[in-house]
Structure formats: structure tokens, C-alpha cells
Amino acid sequence: MCKKELILCVDDEENQLAVRKLVLESKGYAVLTAPSGQQALVLLAQHPVDLVLSDHLMPGLTGTELARQIKGQKPELPVILISAVNEIPADAAYADLFMSKLDGPIAMCENIAVMLARAKDGSGNSSGNGSSSG
Amino acid sequence: MDPKVNILMVDDQPGKLLTYEAILGELGENLIKATSGRQALDCLLKMDIAVVLMDVSMPELDGFQLADMIRQHPRFQKIAIIFISAVHLTDFDRLQGYQRGAMDYISVPVVPELLRAKVSVFAELHRKARELELLNRELEQRVFERTAELRESEKQLRQRADLLDLATEAIMVRDMDGVLQFWNSGAEAFYGWSRQEVMGRNVHQILRTKLPGSAEELESVILKGGRWEGNLVQCTKDGREVVVASRQVLQSDGGGARRAILEINRDITAQLLAEEALRKAEKLAAMGRVAGIIAHEINNPLEAIRNAFYLLQHHPTLDDNARVYTRIADEELTRVAHITRQTLSFYRESKEAVPVSIAEILDDILSLQSRLLERNGIALEKAYRSDGQVIGFPGELKQVFLNLIGNAVQAMPEGGRLRIRVSEAVEKDQQREGVRVVICDTGSGIRPEDAKQLFEPFFTTKSTKGTGLGLWISKGIVQKYHGIIRFRSVHFVRGHITAFSVFIPKSASPQMSESRALSSVSVS
Chain B
1 MCKKELILCV
11 DDEENQLAVR
21 KLVLESKGYA
31 VLTAPSGQQA
41 LVLLAQHPVD
51 LVLSDHLMPG
61 LTGTELARQI
71 KGQKPELPVI
81 LISAVNEIPA
91 DAAYADLFMS
101 KLDGPIAMCE
111 NIAVMLARAK
121 DGSGNSSGNG
131 SSSG
Chain W
1 MDPKVNILMV
11 DDQPGKLLTY
21 EAILGELGEN
31 LIKATSGRQA
41 LDCLLKMDIA
51 VVLMDVSMPE
61 LDGFQLADMI
71 RQHPRFQKIA
81 IIFISAVHLT
91 DFDRLQGYQR
101 GAMDYISVPV
111 VPELLRAKVS
121 VFAELHRKAR
131 ELELLNRELE
141 QRVFERTAEL
151 RESEKQLRQR
161 ADLLDLATEA
171 IMVRDMDGVL
181 QFWNSGAEAF
191 YGWSRQEVMG
201 RNVHQILRTK
211 LPGSAEELES
221 VILKGGRWEG
231 NLVQCTKDGR
241 EVVVASRQVL
251 QSDGGGARRA
261 ILEINRDITA
271 QLLAEEALRK
281 AEKLAAMGRV
291 AGIIAHEINN
301 PLEAIRNAFY
311 LLQHHPTLDD
321 NARVYTRIAD
331 EELTRVAHIT
341 RQTLSFYRES
351 KEAVPVSIAE
361 ILDDILSLQS
371 RLLERNGIAL
381 EKAYRSDGQV
391 IGFPGELKQV
401 FLNLIGNAVQ
411 AMPEGGRLRI
421 RVSEAVEKDQ
431 QREGVRVVIC
441 DTGSGIRPED
451 AKQLFEPFFT
461 TKSTKGTGLG
471 LWISKGIVQK
481 YHGIIRFRSV
491 HFVRGHITAF
501 SVFIPKSASP
511 QMSESRALSS
521 VSVS
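Same order as they appear, the protein sequences are chains B and W. Sequential numbering of the first sequence, starting at 1, is according to the working numbering. Sequential numbering of the second sequence, starting at 1, is according to the working numbering.
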């Protein structure tokens, strides 16, 4: 349990990704970053990620599409989409949570904590960090 | 052209017949000879005889007997008969006994000129009679043909009249003074005026027609070009204002002395309203798209900045002063985030619509505004006749009433009265049950010219202070609940009273499809 939980953070905008990573690290998480959905899928296959936090509107793969693909492989892995759009996309339900970037860093971190706790409860006494192979 | 007529000569003595033939030959008519009464009857039946010339004394059938027989036949009642006789008194008596028809006699010895003259008079008479008959027959034929033509055109007219009445367009004819001469069923149905009511009256007075230009202009266009087309605003009998697409044609009657104007009007009121609604909807949709893009473009950097300030605030090297600066900056950024969320986004905070008390929401809002109300000298009157239970998203409903109450307060910088009423209500049109909230202020009022645009995006009367989106957003939310938002602003000598009324139906919960995707905030 002393091992840091690993969050995969996805965004196509470099600054935002970097700052978000710092915020998450300040909260004690280990953070991997990917500039696109495709990259995220590659990293996901290589690392024991505990939670994915992704932007929605990205070139190539959108956040909801990424969530759909992740859920196809690892249904238990929590996926949070964080977006600046004001209309919730129709396929947002693939993610566990669709939150607004306007909610701010505190709400974002709280949401992540809740999702991680829920994933831990759901997986019962099994291997802790969901590291099932893809 | 003068065709010959037939002259029948009857005598039992062939010699006499030859004499008559010689006398009458120069008349140039057809001379037919019969040597007995029977032969004469035979000829009469077969031919069209103009004059019968006969000897009175004949064996077997004498002249008078023959004349009687001829007269009995309806076809020969008017035939001209000339008797040739040695005159006896008795003969005169008998001759006078014939009452009808041309009848004459010649005494023997026959004077050729006299015989010729008498026969010729009768022949001419016959010829004229025959011509007359011919003319009569022709006339009858022409009358018959004309009658048939008239009947046909009457049938066509009736068909056209039926067609005119079948048309849903209002069709009318007026004279050059505007007096109505024709008014079809379509006009009756559309304007509500019956034919009897309008006939002989002035069309413009009845329909209170508003022309796009002056009446003189329209008249001169019709007189010059023979026609006019355009839209008119008119009034129906029950006072409803309608817009019609009108076509008017000048009808001149040959010399142009008697003239009339034919007018066909089609109701385009609903069409115009639909077009207007469509334009508005398109505009709103476009604004929505723009708002979405702006929101996205602002929210993205905003998040990064807020995250950066969050990090900065917790940075160990920061001294106390710097910490205060970052706190202030962070507070202001939170406000910016709040503003963009309020104006440019429609995020919902709960997953499912829940039972909400509108009265509680109003109290929440009012408690936040209480200090402002006090400071501005605004007296608050609450009249809650219901706690206003509906199914919805509290945040959205709060947004609606926050906007309305905020506007009311801002309209009363010099103080006034804010009256808020909540009641159970039944909406008239569809008999739906729901909650009605009326928010009433004694502020600066709404100018009539602003009324139409009040709910349009980016319309504001607060110059730089307002975003112009508050009422637009409120209306959007109310419509999502299938509710109604309307207002009334009344001007008095001492000021204005402005009331916004919001009706939220109980049954219809807001469209959930899009909200279902949104979880969140189980955390907060």
C-alpha cells in the first residue's frame, strides 16, 4: 500500500498537461502523461495504471472514444474525462465520470480520490493495483 | 333569287286549261294542270301549291265541293283559291261562306289581264309567306343554337362559381370606389364576414387594410400596370390581425368605362410566424454553437491557470505577501470560472432530476441577496402559497430565479418593492398542473421596443454590467422543462411595475437523455 497510485493523464495541450501533472504529483500520485489517445493506449499496455484522467476534445481519438476502448480491455479501470466543452457528448457514459475543467483542481483531486477508493472496494481483496495484462 | 311557285289549274275541259296556260304563261311560274277534282287533290298532296285556279262547274266533284275538301285539310286551310264561274247570286253567297284564306273569283268570259293580275298577287303572297316561313325557321334555328350556347356558358359559369367557392383563398371583386361586388366562401371563412354583411360595403373599411405604401400609390400601380402583388395586413371580423399575400388585377370592360378590381388573398400569417420562429431558432442555435466554442476556448486556459495558481499557493518558498496575492488571484479566477459556467455552459450538477422545492430555492437566493436588498432600500414581500414541488435539477432552477431576482434588484437602485409569489397553477392551453412563480418589481420597467429582444442572447440594457445572456439562459432552461416564461411591464404615473412569470409543469421532467451521461459531484 505504500506504493504510489499511478495515474495516466492525457491531453493534447502541453501546458495544461504539465500543470495538471504537477497538481496530481503534489497530491502524492505517480503520473504518466500522453499527448494523445493513441499514445495513452500504448502506455496503458506497458504500465500498471490505476486511473486514467483524459481530456475529451483531442485530435485523433476523443476522450469518450478512448474511454470506450479502455473499457473494452479493462472494464474495472476508472476513467475520468475532464473537459472544457459545455455540451456533454452523447457517448460520455463510457467514462465513469465526465467533469468540467471549471470545477477546479480541488474538485478534480477529490473526484480522483473517490474513484480510486471505489475501484479498490470493487476489486475486493484481489491484487490491489489492477495490473491485469492487456 | 326568286324561285318559281306552283300554280294548279283545274278544269274538266282540257281546252280551257290550255287557255289559262296561255294567259298565265308570261308570269313565269310553274303551271300544273288537273282535269278533275281528284287529280287536283293528288297534286296538292304531292306539291307545294301557291294558287289553285278552278272551274266551279265540273262533273263528279264541282269547284265548291273541292274547295271544301281542300279547306278541311289543315295544311291547305290558307291556300289561295280562285274560282272561275259565270256569276250567280248563289255563288256569291257561297263564296262569302268561306271565312278564312285567300279567296277570289273570276267571272266568265275571262279577262286575261285580270286573271293574270289576281294569280300574280296570290303567287307573290305565297312567295312572301314562304320566305317568311323560311326566315322564321332560320330564326328558330338560331334561337335554338343561341339557347344551347347560353346553356353551355351558364354551365361553365356555374362551374367557375363552384371553383371560386372551392378555393381556400379569399377571392373578391370591388369596384373602383372599393365597394364589394363579389365575396367567395374562402373570404367568408377566412375573414369571418358573410357575403350578405359585406356586399355593397367598402372593402378597406371592413378589413382595415394596411397597405405597404399609400392607397394612391397602389391605385396608380393598378391603373398603369393592370395588376399589383404584395403583402397586406388586414383584420378579421373577430379583430385578429392577419397577413395575406395579395394579388390584384384590374378588369376593364371594353371601353374601360365600367371597371373593377379582382383580388385574391392568401393567408400567410402562420407561415410568417413559422419563418420567424425558425429564424429565431436558427439564431439561437448559432449563438449556442458560438457560446460552446467560446466556453471551450476560455475554459481550457482557465483550468491551466487555476492549476498553476493552486500549485503556486502551496509552494514552500512563497512568503506571506505572495501567498495573499495568489489567494486573491485564485479567488478572482474562481469567479471567472463561475461566470463562464453561468453564462456559457449548461453543466448540470446532478445525474437525475430530483424533487425540488422552488420555494426553498427562492429562499436560498434571497438569503444571499438579503444584504443587497437592505442596502438598496428594497422591501421584500413573499407570498408563498405552495412550496412549489417539481421534478428538476436544482442548479438549473436556481439559475433561472437568480437571473430574474438579480434583474429585479438591479432595476431598483433607488429602492422599491420586490414581490415574490409562488402558487400551484393550471396552465390554460394544455391544462397542465404546475407551479407558477411571479417576480414583481417597481423598478425602471421594460421599454416596449426592448420587449421583443428581451430573451435574445447578448441583449442587455445594463451596458457593460450585463452579459446579455441571463434571460436567454433562463428561457432556455424553462423551455427544457416544457415550461413558460413571460413578462409584463406596466407604466404608471408614479413608476413601473414589471412582473416575470415562470410556469414549471409538475408532470414533465426535463429532458434527461443528455443529463444521464453526466455523473459527478457525489463528492462535493
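Heads up, the beta-carbon is just placed ideally off N, CA and C, and yes, glycines get one too. All values derive from a computational prediction rather than experimental measurement.
Neighbour-count burial assignment, residue i, 16 or more Cβ in a 10 Å radius
i: W:Thr168; result: exposed
i: W:Arg306; result: buried
i: W:Gly415; result: exposed
i: B:His56; result: buried
i: W:Leu278; result: exposed
i: B:Asp89; result: Position check: residue 89 of chain B holds Pro in this sequence, whereas Asp was assumed. Buried is the call here.
i: W:Arg158; result: exposed
i: W:Lys428; result: exposed
i: W:Ala34; result: buried
i: W:Phe144; result: exposed
i: W:Glu131; result: exposed
i: B:Gly72; result: exposed
i: W:Pro316; result: exposed
i: W:Asp68; result: exposed
Proximity below 8 Å, CB of residue i to CB of residue j
i: B:Ala67; j: B:Ala95; result: yes
i: W:Val243; j: W:Thr209; result: no
i: B:Ile7; j: B:Asp50; result: yes
i: W:Asp40; j: W:Ala123; result: Reading off the sequence shown, one finds Ala at residue 40 of chain W, where the question assumed Asp. No. Outside cutoff.
i: W:Thr211; j: W:Arg227; result: It should be noted that the sequence gives Leu, not Thr, for residue 211 of chain W. For W:Leu211 and W:Arg227, no; Cβs fall outside 8 Å.
i: W:Glu21; j: W:Lys4; result: no
i: B:Leu53; j: B:Cys9; result: yes
i: W:Val478; j: W:Val400; result: yes
i: B:Leu22; j: B:Thr33; result: no
i: W:Glu381; j: W:Arg419; result: yes
i: W:Ser507; j: W:His496; result: no
i: W:Ile473; j: W:Ile439; result: no
i: W:Ile23; j: W:Pro112; result: yes
i: W:Lys224; j: W:Trp193; result: no
i: W:Thr334; j: W:Gln313; result: no
i: W:Asn300; j: W:Ala170; result: no
i: W:Leu17; j: W:Ser120; result: no
i: B:Val19; j: W:Ala308; result: yes
i: W:Val52; j: W:Ile84; result: no
Alpha-carbon to alpha-carbon, residue j and residue i
i: W:Leu164; j: W:Met172; result: 10 Å
i: W:Arg486; j: W:Ala451; result: 10 Å
i: B:Thr64; j: W:Gly434; result: 38 Å
i: W:Gly230; j: W:Ala245; result: 6 Å
i: W:Ile70; j: W:Gly37; result: 10 Å
i: W:Tyr105; j: W:Leu139; result: 36 Å
i: B:Glu14; j: W:Gly288; result: 28 Å
i: W:Ala129; j: W:Gln77; result: 14 Å
i: W:Gly443; j: B:Tyr29; result: 55 Å
i: W:Pro14; j: W:Ala148; result: 55 Å
i: W:His338; j: B:Leu102; result: 8 Å
i: W:Glu216; j: W:Gln156; result: 36 Å
i: W:Ser513; j: B:Asp91; result: Confidence in W:Ser513 is poor, its pLDDT being 34 and thus under 50, which makes the residue's placement too unreliable to answer from.
i: W:Glu133; j: W:Leu262; result: 48 Å
Spatial neighbours of residue i in its chain, beta-carbon cut-off 7 Å, leaving aside the 5 residues before and after
i: W:Asp62; result: Val56
i: B:Leu61; result: Ser36, Gly37 and Gln38
i: W:Asn407; result: Gly470
i: B:Leu24; result: Ile7, Cys9 and Val31
i: W:Asp48; result: Asn6
i: W:Leu218; result: Leu211 and Trp228
Presumed contact (8 Å Cβ cut-off) between residue i and residue j, rounded CB distance
i: W:Ile206; j: W:Gln248; result: That pair is no contact at about 16 Å.
i: W:Ser357; j: W:Gly388; result: 6 Å
i: W:Lys475; j: W:Phe455; result: 4 Å
i: W:Arg240; j: W:Val203; result: Not confirmed; about 17 Å, so no contact.
i: W:Leu311; j: B:Ser100; result: 20 Å between Cβ atoms; not a contact.
Neighbourhood of residue i by C-beta distance below 8 Å, restricted to the same chain and skipping five residues each side
i: W:His491; result: Gly445
i: W:Asp364; result: Lys398
i: W:Leu114; result: Ile106
i: B:Asp12; result: Pro35, Ser36, Asp55, Met58 and Pro59
Close beta carbons around residue i, own chain, < 6 Å, minus the five adjacent residues each side
i: W:Arg436; result: Ser423, Ala425 and Phe503
i: W:Glu396; result: Ile477
i: W:Ala359; result: Tyr384, Asp387, Gly388 and Val422
i: W:Cys43; result: Leu8, Ile32 and Ala34
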